[in-house]
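Asks:
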Amino acid sequence: MRTSPIRLLAIGALAAATSLSLVAQQQPPPAAQPPSQPPAQQQPTDVTVRLEGVGGLPPKLAIAPFVAASSDAETVAAAKTITDVLFDDLAFEREFYMIGKDVTATVPRLTSIDEVQMDRWRELNANGLVIGSVQKTANGAIVRIKVIEVGSGRTSMGKEYSGSIANPRLYAHTISDEIHQQLRGLKGVARTKLAFTSDRDAERMKGPQGDREIKEIYLTDYDGAGPKRVTVSRTLNVAPVWSPDGQALAYTSYRMGQFSVFQDIIVSLLYKGVRQTPLDGDPNKQNYLPAWSPDGSKMAFTSNRDGNPEIYVVNRDGSGLRRLTNHSAIDSTPTWNPAGTQIAWTSDRTGNPQIWLMNADGTGQRKLTSESWCDRPTWSPEPFNEIGYASRTGAGFDIKIYSFAKGESTRVTDGIGTNESPAFAPNGRHIAFTSTRNGRQQIFTIARDGNDLRQITHEGNNGYPNWSR
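Heads up: the sequence shown is residues 16 to 484, going by the numbering used here.
1. Cα separation between Pro305 and Thr126?
2. So the beta strand (DSSP E) Phe439 belongs to, where does it begin and stop?
3. Going by the CB atoms, is the gap between Pro349 and Gly311 shorter than 8 Å?
4. Does the region 446-458 touch the region 472-479, meaning 3 or more C-beta pairs lie closer than 8 Å?
5. Pick out whichever of Ile78, Tyr327 and Lys151 has its Cα sitting closest to the Cα of Ala120.
6. Please report the straight-line C-alpha distance between Phe107 and Phe316, rounded to a whole angstrom.
7. Name the DSSP beta bridge partners of Val69, please?
8. By the 10 Å Cβ neighbour count, where 16 or more other Cβ atoms means buried, how is Ser123 classified, buried or exposed?
9. On the CB-based measure, 16 or more other CB atoms within 10 Å of its CB, does Thr33 come out buried or exposed?
10. So what does DSSP say about Leu144, is it helix, strand or coil?
11. Among the residues of its own chain, which have a CB less than 7 Å from the CB of Glu110, if the five just before and after it don't count?
12. In the region 189-231, which residue ranges form an unbroken beta strand (DSSP E) of at least 3 residues, counting only runs that do not cross its ends?
13. I need the straight-line Cα distance from Ile471 to Ser86, nearest angstrom please.
14. Could you please give the first and the last residue of the uninterrupted beta strand (DSSP E) stretch that includes Lys421?
15. Leaving out the 5 sequence neighbours to the left and right, which residues in its chain are closer than 8 Å to Arg338 when beta-carbon positions are compared?
16. Taking the alpha-carbon of Gly239 as reference, which of Leu209, Tyr266, Asn252 and Val253 has the nearest alpha-carbon?
17. Is it true that the CB of Glu423 sits closer than 8 Å to the CB of Arg391?
18. Leaving out the 5 sequence neighbours to the left and right, which residues in its chain are closer than 6 Å to Ala83 when beta-carbon positions are compared?
19. Compute the Euclidean distance between the alpha carbons of Gln48 and Glu397, then round it to the nearest angstrom.
20. Which residue marks the beginning of the beta strand (DSSP E) containing Lys174, and which one marks its end?
21. Could you spell out the range, first to last residue, of the alpha helix (DSSP H) harbouring Leu105?
22. Excluding the five sequence neighbours on either side, which residues of its own chain have a C-beta within less than 7 Å of the C-beta of Ile232, listed in chain order?
23. Below 8 Å CB to CB, which residues in the same chain sit around Lys489 once its five sequence neighbours on both sides are set aside?
24. So what's Val118 in DSSP terms, helix, strand or just coil?
25. For Ala187, which of helix, strand or coil comes out of DSSP?
26. How many Å lie between Tyr479 and Glu401 at the Cα?
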């Protein structure tokens, strides 16, 4: 396995487990830290009052504009950003019925979070109220929040965060994830990232093959904010996949050989600013479309090293190469089940491409779908036992989900444009995918039930989304 410096642009501070700091051809400076919490005894951590909706419906939740403890522009802007982003983060999971900002604006603004008159909030039929404050300090900021059960006026949750004031979105993401975890028992995705391929920089490279389009790897927040370019290799880089620990991205890169271009798998160690080529490909043994095992110790991938595109598995360091499929057809796009015991992949061995299953050692190969054309399977996280994939429906493709419990597939997208490359969120409740519904190829997210469609990218053409864990 070769290891070499990777040319990476500095992408600054990113949230939680996917915080990254990358620089070109040198050891990066320490990554900026997400907001830290003070000692546990300074903040209540147990839910003493639950928020309940009426008739089994989600609780109605209001967010009061966060209080800026000082009138300087930075603090005022941070308070507004936290309020706005937190609203969107909480609305994304649909665990709460969010009372609109136009409605909450009719309530007089708070000047302190220590004394809150609940009568007006009861008039809005709110079950819960989120209030907060931002206080600038010599070292950054302190953000305090409370979630109040409106009926009783008692506090359901209280937290205090300290850190830099420069990234108020990260405070909002952190607060949202903790509200979801503590009050709804849900692992939120507000601090997760999407990796994807884009041609947005419109670069082209001259070489022995003539002009070639360049695509690089980018990262963005789950909602499309803060896009950052990761690679600057001036070649085609596609299909990035996050390692389970969030420390690395594996992707397919078109590399230059002595006489031709070939595909190989690159592993970028994001914190260390280096890249690895664990398979040491060349024009006669091309490697592409990697998929990490759930524990991060192995990668499944496609290779033509034995003459035909087949599925292989290799240890993370490049050792222990094993071939899993052996057929004259094309086998590609592997994906692991959450337990690491099975692999789904695409094969055209019975005609048009379909989704197939096998055990992780290559035994027990069997066809799953029997449709017109199926490709790009992705296995859902636990507790769901499903596979998302792209299926040809009419002139284009749609995203479908196959349920092992039901033994059938459900269409998620609506037939507008071509919809491909699904990727599940780490909690399994959302899917990122590529669509041409608005003309150019862009990345969208959608809830697993087909609701809440959101466009994530807007510049250039973008594809191959993958969600961090």
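In this text, a Cβ means the ideal position worked out from N, Cα and C, and glycines have one as well. Note that this is a predicted model, so its numbers are computed, not measured.
Replies: Straight from the coordinates:
1. Taking the first residue of the sequence shown as position 1, residue 305 is located at position 290. Taking the first residue of the sequence shown as position 1, residue 126 is located at position 111. Computed Cα separation, rounded: 53 Å.
2. Here residue 439 corresponds to residue number 424 of the sequence shown, with the count starting at 1. First-last of the beta strand (DSSP E) with Phe439: Asn434 to Phe439.
3. Your numbering for residue 311 matches position 296 in the sequence shown. Your numbering for residue 349 matches position 334 in the sequence shown. Going by C-beta atoms, Gly311 is not nearer than 8 Å to Pro349.
4. yes
5. Walking along the sequence shown from the start, residue 120 turns up at place 105. Comparing Cα-Cα distances from Ala120 to each of Ile78, Tyr327 and Lys151, the minimum goes to Ile78.
6. Mapped onto the sequence shown, residue 107 falls at position 92. Mapped onto the sequence shown, residue 316 falls at position 301. In a straight line, the C-alpha of Phe107 is about 33 Å away from that of Phe316.
7. In the sequence shown, residue 69 corresponds to position 54, counting from 1. According to DSSP, which records beta bridges pairwise, Val69 is partnered with nothing at all.
8. Stepping through the sequence shown from its first residue, residue 123 is reached at position 108. Checking the displayed sequence, the identity of residue 123 turns out to be Pro instead of Ser. That one is exposed.
9. Here residue 33 corresponds to residue number 18 of the sequence shown, with the count starting at 1. Confidence is the limiting factor: at Thr33 the pLDDT is only 32, short of 50, which leaves the residue's position unreliable, though a coordinate-based value still follows. Buried.
10. The sequence position of residue 144 within the sequence shown is 129, counting from 1. Residue state, collapsed to three classes: strand.
11. Your numbering for residue 110 matches position 95 in the sequence shown. Correct list, in chain order: Pro73, His195, Arg199 and Leu201.
12. 208-213
13. Translated into positions along the sequence shown, residue 471 becomes position 456. Translated into positions along the sequence shown, residue 86 becomes position 71. Rounded to whole angstroms, Ile471 to Ser86 spans 33 Å at the Cα level.
14. Taking the sequence shown and counting its residues from 1, one reaches residue 421 at position 406. Unbroken run through Lys421: none, as it is neither H nor E.
15. Here residue 338 corresponds to residue number 323 of the sequence shown, with the count starting at 1. Correct list, in chain order: Asp321, Glu325, Ile326, Tyr327 and Gly377.
16. Taking the first residue of the sequence shown as position 1, residue 239 is located at position 224. Minimum Cα distance to Gly239 is reached at Leu209.
17. As a working note, residue 391 is residue 376 in the sequence shown. As a working note, residue 423 is residue 408 in the sequence shown. Cβ distance not < 8 Å, so Arg391 and Glu423 don't count as in contact.
18. Numbered from 1 along the sequence shown, position 68 holds the residue referred to as residue 83. Thr90, Val91, Ala94 and Val149, listed in sequence order.
19. Indexing the sequence shown from 1 puts residue 48 at position 33. Indexing the sequence shown from 1 puts residue 397 at position 382. Reliability of the predicted coordinates at Gln48 is poor, the pLDDT of 36 falling under 50, and no value is obtained from them.
20. For this step, residue 174 is matched to residue 159 along the sequence shown. Segment Arg169 to Gly178, the beta strand (DSSP E) holding Lys174.
21. By 1-based counting over the sequence shown, the position of residue 105 is 90. Ala88 to Glu108 is the extent of the alpha helix (DSSP H) around Leu105.
22. Along the sequence shown, one-based indexing puts residue 232 at 217. Ala210, Thr212, Val245, Thr246, Asn252, Pro255, Leu264 and Tyr266, listed in sequence order.
23. Past the boundaries of the shown model lies residue 489; the chain is included only from 16 to 484, so the question cannot be answered.
24. As a position in the sequence shown, residue 118 is number 103, starting the count at 1. Val118: helix per DSSP, three-state reduction.
25. By one-based count along the sequence shown, residue 187 stands at place 172. Looking at Ala187 - three-state DSSP - the assignment turns out to be helix.
26. Locating residue 479 in the sequence shown gives position 464, where the first residue counts as 1. Locating residue 401 in the sequence shown gives position 386, where the first residue counts as 1. The alpha-carbon atoms of Tyr479 and Glu401 are separated by roughly 20 Å.
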